[in-house]
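For reference, the structure is listed below as structure tokens.
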Amino acid sequence: MTFNAFSDFAMTGHVALITGGAQNIGRAIATSFSGAGARVVIADLNGDLAKSTAAEISHLTGNPVLGIKCDVTDNEMVRQTVDTTVAKFGGLSTLVNNVGWGATNDDPLDVTDDAMIASYRLNTLSALRMTQAAMPHLLKSENPSVTNSGSLVSVLPAFDFIAYSSAKAALNHLMLSLAHAFAKKARFNTVLIGTVLTETYAQAGLDEKAQQALAHPDNLTGRSGRPEDVANAFLWLASPAGSWVSGQTIQVSGGPRRVRLKPE
Ligand SMILES: NC(=O)c1ccc[n+]([C@@H]2O[C@H](COP(=O)([O-])OP(=O)(O)OC[C@H]3O[C@@H](n4cnc5c(N)ncnc54)[C@H](O)[C@@H]3O)[C@@H](O)[C@H]2O)c1
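Position 205 (the sequence shown) corresponds to 205 in the working numbering; numbering is contiguous.
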């Protein structure tokens, strides 16, 4: 057997559906997969941005990219998105459940039903519905996989981010179960992403100081994450290079946080 990093990371022949791919991390994943030879569909709530991003990526890589509007919390739109992907590219082999976000909270005792349910629908249930719709097509494909945008906060205490962190923790568990349910047939992994500063943080009300405190503190690389740092992990997991990896949560976060017994 010969080892060839170029072909091991190639996505030639793959059809990849990436939710929330119009900007930031999802856009970087779409760019990475397209550059590696996949035909890509970007499904995003912002249909116009999905289309313009798709055109830009296709121009860059020379491979076809389709941008379509989809609300991943709408089951009918989820089914239509999968149907459109298969109609356009003749199959679906690689699903990336990238959509996610959630409200912060002050007192954990005040977290509402609405916040919990909305976060679960967006971060967890949407990934299940998308997987259910995609699965019949994935099972007909070579090296099929589902890879999810998880979060480091799903495995850390996050008492002012209860709805989001608990929904992402449920996503980890859901994908672990699916990996076993479809053992030997399809692979399921979740990338636990650390802080990648985007405009979303400012929109959520975090000022510059709060963003820097969140981004750096004690990571081992000395810098914040970039969307492409994360996208490279997705490429590994979806490509032939990742074909021995399933049922995993993999941190891409600049390194684990430390415990210090003595005061600094
Ligand atoms: N940025 C970070 O620091 C960070 C850290 C940990 C985990 N993550 C996770 O990574 C993923 C991507 O993060 P990001 O910062 O690039 O997000 P982002 O908010 O910049 O982009 C998300 C995209 O999803 C789309 N979207 C939102 N709701 C949607 C819906 N209902 N249906 C379809 N599309 C929808 C948006 O239009 C947008 O294009 C998310 O799951 C997020 O939770 C991000």
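Backbone N, C-alpha and C fix where the C-beta goes; we use that ideal spot for every residue, glycine too.
Check                                                                                                                                                                                             : Outcome
Using alpha carbons as the reference points, say which of 69, 238, 109 and 90 lies closest to residue 34.                                                                                         : 238
Alpha carbon to alpha carbon, how far is residue 256 from residue 155?                                                                                                                            : 11 angstroms
Which residues in the same chain have their Cβ closer than 6 angstroms to the Cβ of residue 109, if we skip the five residues on either side of it in sequence?                                   : none
Using a threshold of 7 angstroms, is the CB atom of residue 98 nearer than that to any non-hydrogen atom of ligand 1?                                                                             : yes
Might you give, ordered along the chain, the residues of its own chain that have their beta carbon closer than 6 angstroms to the beta carbon of residue 187, omitting 5 neighbours on each side? : 145 and 246
Could you give the C-beta distance for residue 213 and residue 197, rounded to a whole number, given that I count them as a contact under 8 angstroms?                                            : Not confirmed; about 11 angstroms, so no contact.
Thinking just about the alpha-carbon of each residue, which of 18, 107 and 102 is nearest to the one in residue 66?                                                                               : 18
Exposed or buried, what is residue 168 when buried is set at 16 or more other beta-carbons lying within 10 Å of its beta-carbon?                                                                  : buried
What does the Cβ neighbour count give for residue 227, buried or exposed, with the cut at 16 atoms within 10 Å?                                                                                   : buried
Using DSSP bridges, identify the partner residues of residue 39.                                                                                                                                  : 15
Around the Cβ of residue 62, are there at least 16 other Cβ atoms within 10 angstroms (buried) or fewer (exposed)?                                                                                : exposed
Could you check whether the region 155-165 touches the region 112-123, counting it as contact only if at least three pairs of C-beta atoms, one from each stretch, sit closer than 8 angstroms?   : yes
Can you give, in chain order, each stretch of the beta strand (DSSP E) that sits fully within the region 86-120 and has at least 3 residues?                                                      : 94-97
Shorter than 7 angstroms, the distance from the beta carbon of residue 26 to the closest heavy atom of ligand 1, or not?                                                                          : yes
Taking the straight line between their C-alpha atoms, what separation do you get for residue 11 and residue 131?                                                                                  : 20 angstroms
Between the alpha carbons of residue 79 and residue 134, how many angstroms are there, rounded?                                                                                                   : 8 angstroms
Below 8 angstroms on the Cβ atoms is my contact criterion, and I expect residue 15 with residue 91 to pass it. Report the Cβ-Cβ distance as a whole number of Å.                                  : 5 angstroms
Could you spell out the range, first to last residue, of the alpha helix (DSSP H) harbouring residue 251?                                                                                         : Where residue 251 is concerned, there is no enclosing alpha helix (DSSP H), although the beta strand (DSSP E) it sits in stretches over 248-252.
Who are residue 69's beta bridge partners in DSSP?                                                                                                                                                : 44
Compute the minimum distance between the beta carbon of residue 84 and the heavy atoms of ligand 1, and state whether it is under 7 angstroms.                                                    : no
Go ahead and pull the three-state DSSP assignment for residue 9.                                                                                                                                  : coil
Can you name the residues that DSSP bridges to residue 193?                                                                                                                                       : 151 and 252
Tell me the rounded alpha-carbon separation between residue 55 and residue 205.                                                                                                                   : 32 angstroms
Closer than 6 angstroms by C-beta to residue 243: which residues in its own chain qualify, once you throw out the five before and the five after it? Chain order, please.                         : 143
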